[in-house]
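For the sequence shown, our numbering assigns the number 62 to the initial residue and increments by one for each residue that follows.
Yeah, the Cβ is synthetic: ideal placement off N, Cα and C, and Gly gets one too.
Source: prediction; values computed, not measured.
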Amino acid sequence: MTATESNNGVYRILALDGGGVRGFFTAQLIARLASRRPDWLDRVDLIAGTSTGAIIALCLGMGMDPGAIAAIYEREANRIFSATLTDRVLDAGGLIGPRYDVRKLAAILRQLFRDVRLEELDKRVLVPAFDLDDENPDPRRRRWKPKLFHNFPTAGGDGGMLIRDVALYSSAVPAVFSSVDGYVDGGVYAANPTLCAVAQSLDDGVLNPPPTLRQLRVFSVGTGKSPLHIEGESLHWGMAQWAKPLLGLVLDAGVAVVDYQCTQLIGGNYHRLNPWLDGRTILLDDADALPHLRKAAAGVELEDTVAWLDRAWLS
């Protein structure tokens with residue numbers, strides 16, 4: 062029996078954006094939806110997540126309650142995004158080294174996921190990371206490349222990978238953390254992993270037969286929109302000026318264009334939940350913003366999303 066045959070002819074994808082501490086906002090929204098429609102998460106066929114979204118996706122893949130996932134952020138965010146004065150001196154305030162020690166995040170993920178492997182998860186998952194060196198034996202063809210970790214039982218799958226490693230690779234934001242085993246954050250090309258998940262599900266080498274576009278139900282959840290912009294119509298900037306805003310600019314641009322593409326491809330069977338964060342700019346390492354994120358998530362109007370779940374996801 063195919064995946065679509067076992068789910069009344071539809072294939073359901075949940076996709077979760079990257080965004081650092083703003084993953085707390087995502088987890089809160091998912092928890093609120095679970096309180097309104099307790100069985101909606103049970104229907105998911107594939108969970109995709111990038112960076113902080115990867116951590117949430119892998120937790121959901123283990124069957125963890127979304128409220129418990131949100132509690133992880135409350136407990137650990139300040140530990141992850143903290144640096145001593147000595148750290149700041151040694152890395153010149155992040156100019157010549159990563160802003161935070163990735164070993165703190167690694168230790169938390171090790172404690173959270175233990176030795177569980179992708180193949181042991183209850184759900185199919187897809188996690189983008191970026192490989193800085195494919196180690197091609199031909200030096201003329203050696204290059205970096207995107208990597209999609211997944212646990213589909215196909216040739217080239219990654220079922221044997223420890224999920225703590227996959228989560229860490231996908232979360233290693235350049236300049237914020239050091240690279241890990243040659244990988245950096247998948248957000249450099251897929252901060253919004255929705256289209257990656259759609260493409261994976263349509264691959265007949267992964268699902269045989271794959272669902273059609275009409276059979277897809279795709280729910281994309283962001284980490285909230287912040288009012289980020291750059292004033293000026295003619296910016297005569299070099300690398301020194303662009304260095305600080307460039308990462309955020311690239312990540313937000315990728316998120317927005319994927320939303321447009323999925324809207325055009327999938328239409329009404331696609332839904333995006335990514336509300337404004339009350340006009341406040343919250344960066345990915347702003348651990349002090351958790352109370353604001355909690356308040357913002359509690360105030361989000363969910364009626365349109367619940368109506369879409371009832372119509373497209375649960376029916």
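Pairing residue 247 with residue 115 gives a Cβ-Cβ distance under 9 Å.
Across the set 102, 182, 224, 238, the C-alpha of 224 shows the shortest separation from the C-alpha of residue 175.
Under the three-state reduction of DSSP, residue 374 is assigned to helix. Under the three-state reduction of DSSP output, residue 206 falls in the strand class. With a minimum length of 4 residues, there is no unbroken run of alpha helix (DSSP H) contained wholly in the stretch 302-334. Rounded to the nearest angstrom, the Cβ distance from residue 118 to residue 186 is 6 Å, consistent with a contact under 8 Å.
Between the C-alpha atoms of residue 230 and residue 244 there is a straight-line separation of about 5 Å. Taking a 10 Å sphere around the C-beta of residue 325, we find fewer than 16 other C-beta atoms and assign the residue as exposed.
Counting along the chain, residue 72 sits inside the beta strand (DSSP E) bounded by residues 72-77. Contact between the stretch 73-91 and the stretch 343-360 is present: 3 or more CB-CB pairs across the two stretches fall below 8 Å.
Measuring C-alpha to C-alpha distances from residue 285 to each of 88, 219, 192 identifies 88 as the nearest. DSSP places residue 109 inside the beta strand (DSSP E), whose first and last residues are 107-110.
Closest option to residue 188, judged by alpha-carbon separation, among 179, 196, 173, 301: 179. Here the C-alpha atom of residue 281 lies approximately 32 Å from the C-alpha atom of residue 293.
In this structure the stretch 288-302 does not touch the stretch 227-241; the number of beta carbon pairs closer than 8 Å is below three. Here residue 318 is exposed. Its C-beta has fewer than 16 other C-beta atoms within 10 Å.
As summarised for the stretch 183-250, the continuous alpha helix (DSSP H) elements at least 4 residues long and confined to that stretch are 224-232, given in chain order.
Contact annotation: residue 359 and residue 93 have beta-carbon atoms nearer than 9 Å.
In the DSSP assignment, residue 281 falls within the beta strand (DSSP E) that extends over 277-282.
Our two residues, residue 336 and residue 202, have alpha carbons roughly 43 Å apart in a direct line.
In the DSSP assignment, residue 286 forms a beta bridge with 337. In the structure shown, residue 178 adopts extended strand secondary structure according to DSSP, grouped into three states. Pairing residue 128 with residue 95 gives a Cβ-Cβ distance under 9 Å.
Ranked by Cα distance from residue 204, the first of 210, 191, 211 is 191.
Looking at the backbone, the Cα of residue 139 and that of residue 113 are separated by about 15 Å. Under the three-state reduction of DSSP, residue 137 is assigned to helix.
Judged by DSSP in its simplified three-state form, residue 97 adopts helix. Under the three-state reduction of DSSP, residue 158 is assigned to coil, being neither helix nor strand.
Assignment of residue 364 by DSSP, reduced to helix, strand and coil, places it in the helix class.
Counting along the chain, residue 116 sits inside the alpha helix (DSSP H) bounded by residues 113-122. Assigned with DSSP and collapsed to three states, residue 273 falls in coil, not helix or strand.
Ranked by Cα distance from residue 310, the options 172, 332, 329, 287 are led by 287. In this structure the stretch 234-241 does not lie against the stretch 204-216, because fewer than three pairs of beta carbons, one per stretch, are closer than 8 Å.
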